[in-house]
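**Q**
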Amino acid sequence: MNALPVFPIVLPALTAAFLVLVLRHRLGAQRIVSVGATVLLLIVAIVLYGVAADGAPRPYLLGDWPAPFGIVLVLDRLSATMVLLTAALGLVIALAACGGWDARGRHFHPLFQFQLMGLMGAFLTGDVFNLFVFFEVMLIASYGLMLHGGGERRLKAGFQYVAINLIGSTLFLFAVGLIYAVTGTLNMADLAAKVPHVAAGDEALLKTGALLLFLVFALKAALVPLHWWLPRAYAAAPGPVAALFMLMTKVGAYAILRVFGLVFGESAGPLADVAAPWVLPAALVTLALGAAGVLASRTLSGLACFAVVWSMGLLLVAFGLFDAKGVGAGLYYLVHSTVAGAALFLLVDVLRAARGPAADRLVPTPTLPSMLSAGLFFAVAIAVAGMPPLSGFLGKLLILDASRNVPAMAWIWTIVLATSLVVILGFARAGSALFWKTAPSEAAAADDAASGREEKVRERPLLPVAACATLVAGTALLTVFAGPVTAALDTTARQALDTARYVEAVLPAAAAKKSVTLSRR
Amino acid sequence: MIALIALVPLLGAMLPPIVIRSGRDRCTAVTAVVSLVSLAVLLAQVPAVFSGEPVRTSVEWVPALGLSFSFFLDGLGLLFAGLILGIGLLITLYARFYLGRDEKVGRFFAYLLLFQGAMLGIVTSDNILLLVVFWELTSLSSFLLIGWWSHTPEGRQGARMALVVTGGGGLLLIGGMLLLGQAAGSYELTTILARGEVVRGSPLYLPILLLVLGAAFTKSAQFPFHFWLPHAMAAPTPVSAYLHSATMVKAGVFLLARLWPVLSGTETWFLVVTGTGLITMLIAAWIALFKTDLKAILAYSTVSHLGLMTMLLGFGTPYAVTACVFHVINHATFKAALFMSAGIVDHEAGTRDIRKLGGLRRLMPVSATLALIASASMAGIPLFNGFLSKEMMLEAAAHTALVPSLATLGALLSVAYSVRFALGVYLGPVRDDYPHRPHDPPAGMWLPVAVLAFLVLAIGVAPQLLAGGIVALAGQASAGPVPIPEVHLSIWHGVTPALVMSAAALVGGLLLLAVFGPLERVREKTFRPEAKAMFDAVVAGAVAACRRGIGPMHADSLPRWLAAISATIVVVGATAFFTATYAPGTRDLLPVEFLGVVAWVLLAAACGAVVVLHGHRVLTLILTSVVGLVVSLAFLQFSAPDLALTQISVEVVTTILMLLALNLLPKLTPPEHAPLRRLRDGGIAAAIGLGAAGLAYAVMTRDFTTISDYHVTQAKPGGGGTNVVNVILVDFRGFDTFGEIIVLCIAALAVVALLDSALRGAAARRLDAVRQGLESADAHPLVLVIATRVLLPLALAVGAYIFLRGHNEPGGGFIAGLVVAIAIIMQAMASGYAWAASRFRVDAHALLGAGVLAAGVTGLGAVLLGRPFLTSWHGHFHLPLIGDVELASAMAFDAGVFLAVVGTVLLSLAQISRVEARAEHRPVPEGPLDIKFGRRQTTPTGAPLTTARVDAAKES
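Residue numbers (this note's numbering), protein chains in the order written: chain A, 1 to 521; chain B, 1 to 956.
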């Protein structure tokens, strides 16, 4: 039972290895094992959430080496929340992928499990270098998943994706090198203990390292002007994969919160809140650019991608406040936008398959998609654009509420509300083109010719549609139970910003003392 | 309990689509029952409301936000809720007969109930954030209903326009309500209403006012946001009658009335609200006069009357508020009746164009009579209810400056268009060119109109009896703490200024109509801004601007993206460095050594050469491998033999795999032009390079203490090995290594998946088209074959040796894996992949999986023993014959690393070889020692053979 915190990482890793070793030629068995393992993962995640709920961060010393000398995982409310979200979304997506996507190329399920492992590791680790390792796991697994099914478009977008993200990885190493050179440690708790006492002459190097690290995370979180990779990559990725990628951007946001709330937070002495002056302006620009992209998109997948950029802007507006209220609001919005975004990408994929040659272009087709998909689109659009009654509205309200007493309040409110309107307009136009307008009848002949092909493409959309509906129901539940959820997330936010408690929990007193004397020497 | 008023229709909206299976009538009945249940709940509260008891209920929803599920009911809410439900019931009946046979009635009623619930929510919310939720819900349901006939462009455009305008207003309302809650210290209306002074004194008052007014004006179609309402008329007529005249558009008026005690009474309030209302009233009435579509006339008339109500609220006097409340009732009754009448005309005569109508009085006497009653009320003729509230409006206006004449003008225009409506449609001669022969509709359609027309008359005749109570109650509720003058509604007040103004309006209106013809010709010639065209232009312009901005920026251009990212790195990095204190390092520099200089020059030359020659792929690869070699020399120099070994073997493996892959690529990269761009990129690259060098220098010239002291001291006692690097890799930070072998494993799987797709479809066709360059006829040189075969056992032995000694001396599973992999690759290179693969029968997939499993299971072993994952264990064993042996669990872990590394390399090799084989276009020579000396002699030229020539030779 004590070993439970490592299971979200080891379980998918060993599942993937098992799939490669034993079941690599048997898709049916792969599905059963993969889904079964994800169910197990969800159970573990629920138990962990329960364990973490008492509020004490729990270090897990890998290899039984004392912190900060070995690697620690840290289970606290924040990591448990992210683990739970990942496991739950992972299960829904695993099922959606069984609707046919996993048969379109090799090794979907092993790569999927490895991807889950990377996400879980990134959320659980308490060590900056270990975080780098999990970033690599995520990057390479996501690259494999993105290319799943092949095709020129995916290949091209995938290359761009991996090239840009390798720059990020390189930068990560530079940043980590600088931070290590000054502090001599990469354990987050140890860093948090040492950063406030950094020698004056070392401040420039540490600050450079810290901000370069911020850029790495901002790149993952698709903050403008580092967002370039996202629109094409997500649009080209298979539907379930794009849905899973909703968590990838969140890793960036999470890492910003973790490192710049905890290590370089308000108690970091001369480097207190070092990222704060950068996050908010970048987030606001991201909002504006994302909304403009939503309006400019000619395809539904493009629209969905820019909606993700927009939502990342909103999320980082909240995190960028670096106070308990902002972070609490941000966490609620994080959960919401992950679920809603995943639903959107699953739906885009279903529509792309159902609309024949028009695919996901925002042009009318001779026959309208089914009422079911129209209804789902309406609900998902409401959720993503942040209109009542779904949780996006509450998230937006929480963020506005949290930002009301900051100096940039007028900017934040104006941009958030104005871009919301643009996003609503974008979705209204898209929905109207997809579900209301029909193409002139002359195109009907062309459609008849294509209908044979259409039949072939439409392979068991039941599972993806059911997955999408489940996620929409998820946002509805998130709305109904917003009271308890926000209360829990507020507590989580306060804990996430409580550096002293984290350090105390992770570093045994002796080590803490020793690390301080070391840094003085 | 009162929460049910809104919740019953919202939840009941699920029923009609289900019930529709058992028929349209039953579906209608169910819809009506839902509304009736809600109405019953409402009516049950009437005694309490009249007696002044607070009717309130509250359930917590999001306490962190102050958002609660709380409702309250007072006179104002009661009045509106009654209107919503009463007219809703009539509309339900009407829609049953109005909608065509093939319309999806179930869905229609579902939307209608959704709207009803949302609207009831607005008027009964106690929490203002909850009010915003319902506010936006009405926008959404209105969107669906306007777009009901989604096959028409008008329907789609009208729906989008309404959503954008009213939804945008809703966003303003979010801001306004959040600020209002802050200023008042509560989000509960019941509390806020008592704190008007506090709010008006708050510095937030002006933003609150503007935001709330923005919301109210958009919803209630006040100038300049009035344009969406006429376009919302694309909706089916029941929707127009219900949402866009009787209820939803009054939500703005309701909001102003609701917050009247809090926000009114300031100069800004008076100027903005009165001014907007007045302008809207006049402009809309003027436009209504010239419209030819019946619904358009009614729509502009609605806008005009909404302006009237807004103006009344702007006056800021309790009397005006009471007048406004009364007019809400009257307008709802006569306008809904008129809309339904217009629908009947459309339904029966087949047109809504006033120029094609006339004389319907004789053809459809019942509906004509009802419609004439309603239009008389709209015109403000005595004995009809519209007259009474118009009188009150004029009376209220008479006490302000300038407004009386303009208000009279509004009333005058109202008379004119009402009379035109009545004349043009119902009176006048019967025509014979109606698209359909009109006759009275089924009773289901005119009955709802009759009910409303009866109310119009009844209230008009006996106002105090029928409406006095509720108007007084609602007026007082709206005015809040300010007592309203005693309400006494009556037809005759004596000769008051209002009566004079009213008479003037009546006469003026008729006169205006007399000169309608010339007036219209004049209007035709004047410039009239077309709001829809402007809106469309704004949207189209925004879309085009976004496309121009976003499109090129995000067009495929990896170099530009990388330039932007790199520039960001430079700017942020430089800013960070130069905004903090920096002290140079104090460490003494090491003396320059000759070998060091050589290596440095080599490195610099290789880098420079890459810059110049980067267009040649193979050369670039070779040159970059020089960098790797120099780096490994540096590792060696600074006593890191493990790293040097790793670096060299990684370099070898990657170079071989890359060379194999490059074989399929063009020899040169695409040409680059644009010198400016190269300059830009060169500048950024130089900045990054200098920055990196500077930082490296800064770091290496200073002393620092790290946690690695602990690793050095603990390697032997805690980790059981003397090679600290290896103990770090497999023990202190074994978890990192676990992650990294998984990265390798994923990379190999990704290679498989990626290249697998290259063997299908378009990529495969391109492969088939690859033209082979010159190739040696000697595919498997004898010397190489023999040398590699002799080396194989040696290499394997070295691998095993390196693996075993790893824990104490330089080496370890990772390096051993690379060495073994190189040995096997060499076989493939020398003797052909097929030859090598047929002798190495283990599927590389299995190696990969087994490697990760071995490492993971080793880690889990510790868990089974109750220790954390990857806890190592080591001990001494005495084996007979061999003697004392030290074993560590880390070795099992290292074995996993070894397997994973070998598996990765071999799997990549296998997959690349498969693709290469495809590009070869012919079977690869099956094994070594197959040099075709004989064939070489058959080529007359003696030139080296290409594969094509070999084939040709074979055939000959």
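For every residue, glycine included, the Cβ atom is placed at its ideal position computed from N, Cα and C.
Going by DSSP in three states, ARG56 of chain B sits in which element: helix, strand or coil?
**A** Three-state DSSP puts ARG56 of chain B in a strand.
**Q** I'd like the ranges of any alpha helix (DSSP H) spanning at least 4 consecutive residues and lying wholly in the region 5-64 of chain A.
**A** Counting whole runs of 4 or more residues, the region 5-64 of chain A contains the alpha helix (DSSP H) stretches 7-21 and 27-52.
**Q** So, do the region 243-254 of chain B and the region 78-92 of chain B have three or more beta carbon pairs nearer to each other than 8 Å?
**A** Taking 8 Å as the limit for Cβ pairs, the verdict is that the region 78-92 of chain B does touch the region 243-254 of chain B.
**Q** Would you say the beta carbon of GLY36 of chain A is closer than 7 Å to some non-hydrogen atom of the ligand MN?
**A** With respect to small molecules bound, the structure shown includes none, and the ligand MN cannot be examined in it.
**Q** Is any beta-carbon of chain A found at less than 8 Å from that of PHE577 of chain B?
**A** Yes, PHE577 of chain B counts as interfacial toward chain A.
**Q** Which residues in the same chain as ALA479 of chain B place their Cβ atom closer than 6 Å to its Cβ, once the five residues preceding and following it in sequence are excluded?
**A** So the list reads PRO318 and VAL321, once near-sequence residues are dropped.
**Q** Could you name the residues of chain B that GLN160 of chain A contacts, counting a contact when the two beta carbons are closer than 8 Å?
**A** Neighbours of GLN160 of chain A on chain B, chain order: ASP556, LEU558 and TRP561.
**Q** From the DSSP secondary-structure annotation, give me the bridge partner or partners of PHE217 of chain A.
**A** Note: PHE217 of chain A sits in no beta bridge, so no partner.
**Q** Evaluate LYS525 of chain B with the Cβ neighbour count: other Cβ atoms within 10 Å of its Cβ, from every protein chain shown; 16 or more gives buried, anything less gives exposed.
**A** The residue in question, LYS525 of chain B, is exposed, as its Cβ has fewer than 16 Cβ neighbours within 10 Å.
**Q** Here's a check: name, in chain order, each residue in its chain whose Cβ is nearer than 8 Å to the Cβ of MET700 of chain B, leaving out the five neighbours to either side.
**A** The residues are GLY585 and ARG587.
**Q** Spatial neighbours of ALA379 of chain A within its chain, please: C-beta separation below 6 Å, excluding the five flanking residues on both sides.
**A** The residues are VAL472.
**Q** Per the contact definition of three or more C-beta pairs closer than 8 Å, is the region 549-564 of chain B in contact with the region 201-216 of chain A?
**A** No: the two stretches stay apart, fewer than three of their Cβ pairs being nearer than 8 Å.
**Q** From the DSSP output, in three-state form, read off ARG258 of chain A for me.
**A** ARG258 of chain A falls in the helix class under three-state DSSP.
**Q** State the start and end residues of the unbroken beta strand (DSSP E) segment that holds LEU73 of chain A.
**A** Start and end: 72-75.
**Q** So which of B:LEU412, B:ILE459, B:PHE421 and B:TRP492 has the shortest CA-CA distance to MET501 of chain B?
**A** Per the Cα distances, B:LEU412.
**Q** Assuming ILE2 of chain B contacts PHE71 of chain B (C-beta within less than 8 Å), just tell me the rounded distance between them.
**A** About 5 Å; that satisfies the 8 Å criterion.
**Q** Measuring only the C-alpha atoms, how far is THR274 of chain B from PHE535 of chain B?
**A** Their Cα atoms are separated by approximately 25 Å.
**Q** With burial defined as no fewer than 16 other Cβ atoms inside 10 Å of the residue's Cβ, what is the status of ALA189 of chain A: buried or exposed?
**A** ALA189 of chain A should be labelled buried.
**Q** To the nearest angstrom, how far is the alpha carbon of GLY720 of chain B from that of ASP709 of chain B?
**A** Each residue's Cα considered, the two are about 16 Å apart.
**Q** Compare the C-alpha of ILE373 of chain B against each of B:PHE384, B:SER838 and B:ALA888 and name the closest.
**A** Considering only alpha carbons, the answer is B:PHE384.
**Q** May I have the straight-line CA-CA distance separating THR496 of chain B from PHE454 of chain B, to the nearest angstrom?
**A** Going from the Cα of THR496 of chain B to the Cα of PHE454 of chain B covers about 28 Å.
**Q** Roughly how many whole angstroms lie between the Cα atoms of ASP323 of chain A and GLY100 of chain A?
**A** Rounded to the nearest angstrom, the two C-alpha atoms are 44 Å apart.
**Q** Closer than 8 Å by C-beta to GLY177 of chain A: which residues in its own chain qualify, once you throw out the five before and the five after it? Chain order, please.
**A** The residues are GLY209.
**Q** Rounded C-beta distance between LEU7 of chain B and GLY106 of chain B? I'm assuming under 8 Å.
**A** About 20 Å separates the two Cβ atoms, so there is no contact after all.
**Q** For SER68 of chain B, which residues does DSSP report across the bridge?
**A** Looking at the DSSP assignment, SER68 of chain B forms a beta bridge with B:GLU60.
**Q** According to DSSP, which residues form a beta bridge with ARG361 of chain A?
**A** Answer is A:THR299.
**Q** Could you pull the DSSP bridge partners for ASP102 of chain A from this structure?
**A** ASP102 of chain A is not bridged to any residue.
**Q** Check whether the Cβ atoms of LEU48 of chain A and LEU4 of chain A sit closer than 8 Å, and answer yes or no.
**A** Yes. Within cutoff.
**Q** Assign GLY934 of chain B to one of two classes, buried (16 or more other C-beta atoms within 10 Å of its C-beta) or exposed (fewer than that).
**A** In this predicted model, GLY934 of chain B has a pLDDT of only 44, less than 50, meaning its place in the structure is not dependable enough to derive any value.
**Q** What number of angstroms, rounded off, separates the C-alpha of SER142 of chain B from the C-alpha of GLY386 of chain A?
**A** Each residue's Cα considered, the two are about 17 Å apart.
**Q** Tell me, which residues are paired with THR438 of chain A by DSSP?
**A** The partner list for THR438 of chain A (beta bridge, DSSP) reads A:THR365.
**Q** What does VAL164 of chain B reach in chain A if we use C-beta pairs closer than 9 Å?
**A** Result: LEU421, ILE424, LEU425 and ALA428.
**Q** Could you pull out every residue in the same chain whose Cβ sits closer than 6 Å to the Cβ of PRO68 of chain A, ignoring the five residues on either side in sequence?
**A** Closer than 6 Å at the Cβ level, and outside the excluded window around PRO68 of chain A, lie THR185, ASN187 and ASP190.
**Q** For the region 617-648 of chain B, list the alpha helix (DSSP H) runs that are entirely contained and at least 4 residues long, ordered along the chain.
**A** DSSP runs (the alpha helix (DSSP H)) wholly in the region 617-648 of chain B: 617-637.
**Q** Helix, strand or coil for THR125 of chain A, going by three-state DSSP, please let me know.
**A** Strand, per DSSP.
**Q** Any idea if ALA410 of chain A is buried or exposed, counting beta-carbon neighbours within 10 angstroms, 16 or more meaning buried?
**A** Classification for ALA410 of chain A: exposed.
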